[in-house]
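In this note's numbering, each residue carries its 1-based index in the sequence shown increased by 23.
Where is the CB? At the ideal position from N, CA and C, for every residue including glycine.
Notes follow once the structure below has been shown.
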Amino acid sequence: MNSLEENIIAPPLQLKSAIDAAGQMIPPSWPLDSSVAVNPFFGQSTETLAHVAARLDRIGGIDVVMPRNWYQDKIERGEITDQDLQDALTAAPYQNRPANIEALKNALNTPVEMGRRLDTVSELAAKASGTDWGDIIDDRFGLWAGGFFDQGQALWATSRRTGAWKSWRSWATHDLTPQILGLKDFCAYVDLLPSSPFEAITRAVGALNIPQQAMDTYFHQLLISLGGWSQYARHEVWKDELEGKSNTILMELLAIRLCWEEALFRQYQKTIETEWHAILDKHQEPIVPSSHQVINEILQEAAERSAQRALSKTLASNTASNTRPSAPLLQAAFCIDVRSEIYRRALEAVDPGVQTLGFAGFFGLSTEHKSFGSDVAENRFPVLLTAGLTSRTGSADASMDATEKSHRYQARSLRAWGRFKLAAVSSFAFVEAMGPAYVVKLLRGAFGLQKMKKGDSHAPRFEPMPALRDRIDAAEKILRAMSLTENFGKIVLITGHGGNVVNNPFASGLHCGACGGHAGDVNARLLATVLNDREVRSGLTPRNILIPDDTLFIGARHDTTTDRVTVYDGDCASKIHKSNLKKIRKWLDKASALARKERMHRLPGAKTERQIRARAQNWAEVRPEWGLAGCQAFIAAPRTRTADQKLDGKSFLHEYDWKQDQAHGFSVLELIMTAPVVVASWISLQYYGSSVAPKVFGSGDKLLHNVVGGIGVLEGNGGKLRAGLPWQSVHDGTKLAHEPLRLSVCIEAPIDAMTAILERHKSVRALFDNRWLHLFALDETGNMAWRYAGNLKWEPLTSKESPTIPTAKAS
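Next up, the structure:
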């Protein structure tokens with residue numbers, strides 16, 4: 024073995040840069056109680072799909088598109104046309120693309136080249152010894168990490184005060200399993216490791232002879248091999264970065280994983296050294312997409328152009344009036360969530376006096392909220408933001424409110440009871456003594472008779488109350504962002520949403536992603552109180568927003584699992600709309616029935632509305648609802664452009680009127696393109712990744728899940744933490760329920776205004792330039808007229824440029 028000084032190649036700054044770069048490639052994963060969708064290709068948006076495929080193939084044998092026969096079937100059914108293939112082929116920016124459509128089609132019948140995945144040291148050692156060191160590392164690392172990252176589930180959690188590196192070293196020096204299984208003197212090796220994780224990485228890099236050019240993909244590979252553990256650590260880094268703090272947890276995890284590699288290399292060096300150096304040579308090679316990966320991207324692009332063609336045809340057939348109804352009886356603002364599209368269409372169908380709007384479900388209030396009887400602060404806003412407000416449900420002085428005090432004591436009793444049931448001393452005796460008493464509860468769950476959780480009946484409030492000027496500013500900004508500055512209805516429902524299921528670790532994933540994986544009713548009710556405030560309304564008048572005295576804003580909650588809507592009119596002191604509210608409740612009930620009837624055809628085993636409601640109460644139901652499966656498009660335009668169309672719950676719908684926004688420098692357009700569009704892309708790509716590569720980007724089979732640490736699930740009783748969507752969230756048992764297509768964003772706005780925004784926001788531009796998102800401009804009739812071609816260029820969708828497309832300068 025050469026000396027450390029001879030082996031180490033990268034200077035400290037370059038080594039740290041490589042460590043940081045590998046960490047940036049890891050997508051964050053939020054804990055189960057506040058899970059939100061995350062783009063699994065996070066950190067790689069500056070690369071194209073084929074380039075990412077080449078990277079992920081090298082480090083994990085991961086493919087990023089569907090099997091070739093999926094595209095072949097679409098071609099044979101006529102869904103993908105020759106024109107789609109030709110357009111996708113023409114748009115492909117690769118020299119090694121097929122020469123023509125015939126060559127592209129022939130490739131569908133050509134055997135696919137094998138992956139180029141590179142082995143780690145642990146995998147080489149496994150081949151040399153016959154011992155599966157990869158599984159052993161997953162098991163031992165998972166046992167430590169489950170205790171270290173625990174959020175209250177474990178009775179004896181590992182202390183985090185010393186950090187991950189010191190915690191693992193302390194744990195590993197007493198773990199004899201690796202030595203029993205054949206890794207000699209592992210405990211002693213760990214005990215002699217440097218006290219600094221960076222120094223440990225430096226030492227391992229020298230021992231393994233890793234050149235600087237190989238660190239990029241090798242470090243990324245090791246972090247990927249830790250599964251959801253590295254993703255949860257990335258979430259912790261994400262939170263600290265938003266607050267301007269530093270966090271070394273990912274470096275510490277990389278150090279731990281590298282130490283396993285170093286220990287195995289020292290033991291098996293003579294056997295694996297030659298092969299290992301050949302692998303390092305391949306790690307140093309530039310990442311270049313193969314012809315196979317280029318063809319895959321072209322086929323994926325063709326499938327997306329096929330769907331875009333269908334969407335264009337749907338939008339072109341719209342016959343709805345281009346004018347809004349004047350002062351409707353009911354205006355209902357819903358989250359842009361694709362599930363809202365079905366309910367909005369149903370509600371509009373029950374009476375012409377209904378108008379609906381779409382807006383991000385946190386309704387512009389980034390509040391850190393404490394629920395009734397709770398001291399736990401919940402971030403009820405998109406993860407891209409930081410808290411700007413604080414709120415709570417309950418009295419100003421909880422000690423003086425008997426109801427809240429009783430609720431708090433009851434919650435503490437339930438937690439104590441739960442810990443007693445799971446304790447090592449009492450758990451077996453508990454089952455013996457109390458098992459029969461749980462028969463009734465088990466039967467209720469089996470037959471769907473569980474009591475469902477209801478939204479909090481107590482009204483939320485700001486604490487402290489923002490200053491009047493701040494409330495007026497927020498009200499103006501939110502109303503303009505909703506394009507709701509005139510023609511107010513008699514009643515305006517601000518409707519948040521949330522799922523409602525029992526015994527489902529992924530329940531928060533059915534809530535509102537814009538509310539940080541929580542239900543949106545709190546934000547809706549808070550906004551209603553602001554907009555009902557007479558002082559706020561008076562302050563809006565000089566700003567040309569006149570809200571009539573008899574307009575009443577009311578918070579509401581749409582239960583996406585049962586399609587019931589709860590109206591919180593008890594928050595409002597006004598009684599002048601009593602008869603109107605009675606009528607509106609009937610409309611809501613009718614709309615709920617229509618929405619359930621439409622959703623019924625997609626849910627396996629659901630033949631009646633009653634069965635849809637029962638799914639929410641069945642603890643054994645693996646598909647209580649489909650969540651956002653099927654999402655394909657994001658449309659920002661006046662509702663009149665889509666009101667007459669059945670979009671099948673596949674589109675995010677954001678209300679937007681560029682003519683109102685122009686006077687304010689297109690600030691709303693900039694907000695839409697940099698926040699809701701990005702969040703929607705995360706949702707779309709999480710469903711995409713969980714569909715095309717479920718073993719890597721999905722969390723596996725719900726039937727095998729065990730919750731660990733309160734933060735995630737294991738598939739089985741050990742190993743890697745799994746991140747992403749369960750298989751049952753994208754597959755109905757016979758076929759995919761989600762068609763993996765990258766999101767098409769359609770915005771009715773001047774193309775020069777959109778171009779200027781892309782020019783200012785490079786990270787957003789990268790999503791469109793590398794086609795993780797597709798961008799279209801709608802003309803003034805709502806038709807898809809222009810396609811963003813990348814590099815700040817646009818191309819018309821017809822041979823003749825549309826004369827109706829607006830431009831900011833001309834306007």
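Closest residue to residue i among the options (Cα-Cα distance)
i, options, result
"Pro234", "Pro217, Gln176, Lys268, His306", "His306"
"Met505", "Arg783, Phe382, Phe357", "Phe382"
"Thr552", "Asp592, Leu748, Leu692, Thr585", "Asp592"
"Gln254", "Tyr241, Leu265, Asp239, Leu276", "Leu276"
"Met623", "Gly672, Trp642, Trp610, Lys598", "Gly672"
"Ala355", "Leu507, Leu491, Arg332", "Leu507"
"Asn740", "Asn729, Ile734, Ala44, Gly747", "Asn729"
"Asp572", "Phe511, Gly521, Asp612", "Phe511"
"Arg332", "Ala547, Thr181, Phe799", "Phe799"
"Ala498", "Asn526, Phe529, Phe576, Ile514", "Phe576"
"Val377", "Ala666, Val75, Leu796", "Ala666"
"Pro35", "Val228, Ser52, Leu408, Glu298", "Val228"
"Val702", "Gln67, Pro627, Leu796, Leu726", "Leu796"
"Phe64", "Ser58, Pro54, Val75, Leu55", "Val75"
"Ala639", "Asp586, His677, Met777", "Asp586"
"Asp398", "Ser389, Leu287, Thr413", "Thr413"
"Asp3", "Arg566, Val213, Ala542, Leu491", "Since the first and last residues shown for the chain are 24 and 834, residue 3 lies out of range."
"Gly723", "Asp680, Phe395, Leu352, Leu737", "Leu737"
"Trp194", "Ser182, Ile203, Gly205", "Ser182"
"Val719", "Ala44, Ala33, Ile49, Ala45", "Ile49"
Three-state secondary structure assigned by DSSP to residue i
i, result
"Lys725", "helix"
"Asp214", "helix"
"Lys743", "coil"
"Val702", "helix"
"Trp795", "coil"
"Thr69", "coil"
"Asp582", "strand"
"Cys538", "helix"
"Leu801", "strand"
"Gly46", "helix"
"Ile570", "coil"
"Glu509", "coil"
"Thr409", "coil"
"Ala789", "helix"
"Leu36", "helix"
"Pro717", "helix"
"His7", "With the chain covering only 24 through 834, there is no way to say anything about residue 7."
Unbroken alpha helix (DSSP H) run spanning residue i, endpoints
i, result
"His197", "Note, His197: premise wrong, no alpha helix (DSSP H); not H, not E."
"Met696", "690-697"
"Phe288", "272-307"
"His677", "Run containing His677: none in the alpha helix (DSSP H); it sits in the beta strand (DSSP E), 674-678."
"His243", "235-248"
"Ile517", "Note, Ile517: premise wrong, no alpha helix (DSSP H); beta strand (DSSP E) at 514-521."
"Ile501", "491-504"
Residue-chain proximity (residue i, chain C), Cβ-Cβ < 8 Å
i, result
"Leu502", "The displayed structure is made up of one protein chain only, and chain C is not part of it."
Delimiting residues of the beta strand (DSSP E) encompassing residue i
i, result
"Tyr811", "807-813"
"Trp817", "816-819"
"Arg257", "Looking at the DSSP string, Arg257 is not in any beta strand (DSSP E); the run it does join, the alpha helix (DSSP H), is 251-265."
"Val590", "587-590"
"Arg484", "483-485"
"Ile658", "656-660"
"Gly735", "735-738"
I'd like to know if the segment 693-711 and the segment 769-780 are in contact, where contact means that at least 3 CB-CB pairs between them fall below 8 Å. yes
Using 8 Å as the cut-off, can you tell me whether the segment 294-310 makes contact with the segment 94-108, which would need three or more C-beta pairs spanning the two stretches below that distance? no
What ranges does the alpha helix (DSSP H) occupy inside the segment 101-177, keeping only unbroken runs of at least 4 residues that lie completely in it? 105-114, 124-131, 144-152, 156-171
Under 8 Å, with one C-beta from each stretch per pair, do the segment 748-756 and the segment 94-103 reach the 3-pair mark? no
Sufficient close CB pairs (3 or more, under 8 Å) joining the segment 272-289 to the segment 220-229: yes
Would you call the segment 637-646 in contact with the segment 677-692, where contact means no fewer than 3 C-beta pairs closer than 8 Å? no
Which runs of the beta strand (DSSP E), 3 residues or longer, sit entirely within the segment 325-405? 353-358, 377-382, 390-393, 400-403
Is it a yes or a no for the segment 31-40 touching the segment 511-520, going by three-plus beta-carbon pairs under 8 Å? no
Can at least three beta-carbon pairs, one atom from the segment 137-149 and one from the segment 357-373, be found at a separation below 8 Å? no
Entirely enclosed alpha helix (DSSP H) segments - the segment 594-645, minimum 4 residues: 601-623, 632-640
Taking 8 Å as the cut-off, does the segment 314-324 touch the segment 265-273 (at least 3 CB pairs, one atom from each stretch)? no
Can at least three beta-carbon pairs, one atom from the segment 800-812 and one from the segment 77-86, be found at a separation below 8 Å? no
Could you say if the segment 203-218 and the segment 757-766 meet the contact criterion of at least three C-beta pairs nearer than 8 Å? no
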